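Worksheet for the structure shown next.
Residue numbers (the numbering used here): 363 to 478.
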């Protein structure tokens with residue numbers, strides 16, 4: 363089983379930026395899909411961004427054009443650059459990795475709060 367540790371969350375004003383990082387405890391190959399979900403109080407967990415085993419990225423509709431997912435396989439890390447943040451982006455952000463055959467592993471989450 364792989365452990366994932368997120369970092370980079372915090373408090374930011376509307377319009378600001380944050381970069382989240384998610385480091386894996388073992389080697390992650392480019393063929394392993396990785397991504398980010400988020401969950402706000404009272405809401406279901408939703409997809410923010412993901413990079414597939416083929417390398418293509420997809421985004422939730424609410425973050426398209428503002429967030430960018432990237433990965434550094436040499437560092438076993440996936441990043442989420444978040445720009446033009448809005449109060450509705452406030453949530454706990456979770457990263458994940460899919461590894462066959464054990465399945466999906468999740469990080470512990472990092473809080474992002476967008477408020478003036």
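Glycine included, every Cβ here is placed at the ideal spot set by N, Cα and C. Small disclaimer: the values here were computed from a predicted structure and weren't measured.
(request) Would you tell me roughly how many angstroms separate the C-alpha atoms of residue 468 and residue 399, rounded to the nearest one? (result) Against the chain shown, residue 468 aligns to sequence position 106. Against the chain shown, residue 399 aligns to sequence position 37. Roughly 10 angstroms between the two C-alpha positions.
(request) Pull up the distance between the alpha-carbon of residue 459 and that of residue 375, whole angstroms please. (result) Locating residue 459 in the chain shown gives position 97, counting from the first residue. Locating residue 375 in the chain shown gives position 13, counting from the first residue. Going by the C-alpha atoms only, they are around 30 angstroms apart.
(message) What does the Cβ neighbour count give for residue 397, buried or exposed, with the cut at 16 atoms within 10 Å?
(response) In the chain shown, the residue the question calls residue 397 occupies position 35. The residue in question, residue 397, is buried, as its Cβ has 16 or more Cβ neighbours within 10 Å.
(request) Starting from residue 419, trace the beta strand (DSSP E) both ways and give me its first and last residue. (result) Residue 419 sits at position 57 when you count from the first residue of the chain shown. Here the beta strand (DSSP E) through residue 419 covers 419 to 421.
(request) Using the DSSP secondary-structure output, state which residues sit across from residue 431 in a beta bridge. (result) Start at 1 with the first residue of the chain shown, and residue 431 comes out as number 69. Answer by DSSP bridge pairing, in chain order: 442.
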